[in-house]
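In the numbering used here, the protein residues as written are 237 to 570.
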């Protein structure tokens, strides 16, 4: 049985979507146990309306919530009875608890991971690694997407190693193609950080490094993992998401602009829904924080129930396939 802690109060739609995602996880993953941390007065009636195996769910009451406007480190230290703080405390002290999922404040989640959980021995800095769909129906990871704004080449090398292990262990990508985000594909391109990192990645035997990648090729399907500092990675992620959302809105507006275009839209309606589903982040879970002593996953604040379920499934797959142990072994041999 794999025990996963879920922050019931994080996110824009909490606790309703958190509860529904947890219930789906219990009903679909037979050897998972969930600890739901949050306001029991709100959680109990929501859970009473659902059908699931109650023996695999535990509620821990938390009276406070950390919001995105609070200073992360202060909130984690001072709000002892918040759902995130209590979740982290359980993760730290309970050997059976193996993962923590939250849709709450990114800063507080990162601060809690560093202060309460700690890093795998040898890891310099944990890094966020979200997943996006590619044009050929597969996926690509971005590591780092915001945990570390300023990086050095050794950190980026570790992002490549841990990210490769993640793609293998969680998604079954046997030999992940690793690229370095840069302003051009030529080896000599980029600033000092990119040039030094390129040399390190080129000489790292545990990864399949395929060279530099320009931002426009992120969704091409030619890469499985893109390595970058958290500043450029966050911009890459958000600009890509924004462009995709904007394109879908533009297409919808164009299709509704005249009677003829509406008729045409009816003919391709199913295909458009397929594309919309492929691009919907709710179907891909959250961003795992690679390198922490226990598994931590950050879901999008606007997540729906499906995204909560996918986050839990991510955590389950990582633990079932021994990702943390594989990273620890790799760091020990480095």
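Glycine included, every Cβ here is placed at the ideal spot set by N, Cα and C.
- Contiguous beta strand (DSSP E) elements confined to the segment 250-328 occur at 268-274, 293-297, taking only those with 3 or more residues.
- Distance from the CA atom of residue 363 to the CA atom of residue 377, rounded to whole angstroms, is 12 Å.
- The beta-carbon distance between residue 347 and residue 312, rounded to whole angstroms, is 5 Å. This is short enough to meet the 8 Å contact definition.
- Following the DSSP letters along the chain, one finds residue 389 inside the alpha helix (DSSP H) bounded by residues 389-407.
- Counting along the chain, residue 447 sits inside the beta strand (DSSP E) bounded by residues 444-449.
- For the options 441, 252, 448, 438, the alpha carbon positioned closest to that of residue 425 is the one of 448.
- Around the beta-carbon of residue 238, 16 or more other beta-carbon atoms lie within 10 Å, marking it buried.
- For the pair residue 316 and residue 298, the Cα-to-Cα distance works out to about 9 Å.
- According to the DSSP assignment, residue 544 belongs to the alpha helix (DSSP H) that extends over 541-556.
- Between residue 436 and residue 389 a beta carbon distance of about 5 Å is seen, short of the 8 Å cut, so the two are scored as contacting.
- Excluding five sequence positions before and after residue 444, the CB atoms of its chain that fall closer than 7 Å to its own CB belong to 411, 412, 413, 414, given in chain order.
- A straight-line Cα-Cα distance of about 12 Å links residue 570 and residue 398.
- Residue 279 is positioned such that its CB atom lies closer than 7 Å to that of residue 251.
- Residue 563 carries a helical assignment under DSSP once its states are collapsed to helix, strand and coil.
- Between the segment 524-535 and the segment 551-560 there are three or more inter-stretch CB-CB distances shorter than 8 Å, so the stretches are counted as touching.
- Per DSSP, residue 438 is one residue of the alpha helix (DSSP H) stretching across 428-438.
- By the CB criterion at 7 Å, residue 302 and residue 338 fall outside the cutoff.
- In this structure, DSSP gives residue 361 a state outside helix and strand, which the three-state scheme calls coil.
- Collapsing the DSSP output to three states places residue 333 in a strand.
- In this structure, the alpha-carbon of residue 545 lies about 24 Å from that of residue 371.
- Between the alpha carbons of residue 289 and residue 271 lies a distance of about 13 Å.
- Here DSSP, grouped into helix, strand and coil, assigns residue 379 to strand.
- Membership of residue 471 in the alpha helix (DSSP H) is indicated by the continuous run 466-491.
- Taking C-beta separations shorter than 7 Å and ignoring five residues to either side along the sequence, the partners of residue 473 in its chain run 366, 378, 381, following chain order.
- Note that the C-beta distance between residue 273 and residue 248 is not below 7 Å.
- In the three-state reduction of the DSSP assignment, residue 460 falls in the coil class, being assigned neither a helical nor a strand state.
- Per the C-alpha coordinates, the member of 352, 416, 260 positioned closest to residue 432 is 416.
- If the five residues before and after residue 329 are omitted, its C-beta is found closer than 6 Å to no C-beta atom of its own chain.
- A direct Cα-Cα distance of roughly 8 Å separates residue 548 from residue 258.
- With distances taken between CA atoms, residue 477 lies nearest to 455 out of 286, 455, 267.
- With respect to residue 240, residue 401 sits apart: the two C-beta atoms are not nearer than 7 Å.
- Between residue 322 and residue 541, the CB-CB gap reaches or exceeds 7 Å.
- Annotation for residue 421: 447, 448, 449, 450 place their beta carbon closer than 8 Å to its own, counting only its chain and skipping 5 residues before and after.
- Residue 531 carries a strand assignment under DSSP once its states are collapsed to helix, strand and coil.
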